[in-house]
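Chemist: Residue numbers are given in our numbering: position 103 of the sequence shown equals residue 147, and the series is strictly consecutive. Would you mind keeping the following structure in view while I ask a few things?
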Amino acid sequence: MAELRYGEDPEPAERFPAGPLYVPVRPGPSGCAARLFRTPLGERTAVGFTSERRLTATLGSGQAWIRLAESALRTLTAPLGVTAVTVDPQFTAPAPARVTAPARVTPVPAAPPAGPVTYDMSALRIA
């Protein structure tokens, strides 16, 4: 059987660093924080892009970013329990729309009966 070279192997046995990445960030209390995403199976993942063009094509031109090495991104997100790094994702779903709570309805108290309450007991039998 012929040995596959890395260029032919769809999943190489060794991970190679992707080099400096364009990492999407959001404002945080201490400057900026790396944005975390979810894979289609719901796993949390850090995301990096190999070019600014790929980042803006996927997340839009308004997305802030910083340059980080893949190893630095992994080190940054590991304390959060995020071990996956996705490089150059091609598809993203829009953020879920915020659902506003319906207006609170104050119940109107029922009017008290006008007179004494009586019950018809003629249909009851005593055994």
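In this text, a Cβ means the ideal position worked out from N, Cα and C, and glycines have one as well.
Taking DSSP as the reference, what is the three-state secondary structure of LEU117?
Modeler: Counting from 1 along the sequence shown, the entry for residue 117 is found at position 73. Of the three classes helix, strand and coil, the one that applies to LEU117 here is helix, per DSSP.
Chemist: Who pairs with ALA128 in a beta bridge, going by DSSP?
Modeler: Reading the sequence shown from its first residue, position 84 is the one you call residue 128. The partner list for ALA128 (beta bridge, DSSP) reads THR89.
Chemist: If you check the beta carbons only, do THR89 and THR130 fall under 7 Å apart?
Modeler: As a working mapping, residue 89 is identified with position 45 in the sequence shown. As a working mapping, residue 130 is identified with position 86 in the sequence shown. Yes, Cβ-Cβ distance for THR89 and THR130 is below 7 Å.
Chemist: Spatial neighbours of ALA128 within its chain, please: CB distance less than 8 Å, with the 5 preceding and 5 following residues excluded, ordered by chain position.
Modeler: Residue mapping note: residue 128 aligns to position 84 of the sequence shown, counting from 1. Excluding residues within five positions, the ones whose Cβ falls inside 8 Å are THR83, GLU87, ARG88, THR89 and ALA90.
Chemist: Is ALA147 close to chain B, meaning its C-beta is less than 7 Å from at least one C-beta of that chain?
Modeler: This model lacks chain B altogether, as it is built from one protein chain only.
Chemist: Verify whether the separation of the beta carbon atoms of LEU112 and LEU65 is less than 7 Å.
Modeler: Taking the sequence shown and counting its residues from 1, the one referred to as residue 112 is at position 68. Taking the sequence shown and counting its residues from 1, the one referred to as residue 65 is at position 21. Cβ atoms of LEU112 and LEU65: closer than 7 Å.
Chemist: Does the Cβ-Cβ distance between PRO76 and VAL69 come in under 7 Å?
Modeler: Along the sequence shown, read from residue 1 onward, the residue named residue 76 stands at position 32. Along the sequence shown, read from residue 1 onward, the residue named residue 69 stands at position 25. For the record, residue 76 in the displayed sequence is Cys; it is not Pro. Taking 7 Å as the Cβ cut-off, CYS76 and VAL69 qualify as a contacting pair.
Chemist: Helix, strand or coil: how does DSSP classify ARG142 here?
Modeler: Translated into the one-based positions of the sequence shown, residue 142 becomes position 98. Coil, per DSSP.
Chemist: Using a Cβ-Cβ cutoff of less than 8 Å, which residues in the same chain neighbour PRO151 once the five nearest sequence positions on both sides are dropped?
Modeler: Residue numbering aside, residue 151 sits at position 107 when the sequence shown is read from its first letter. Excluding positions up to five away in sequence, the list is empty.
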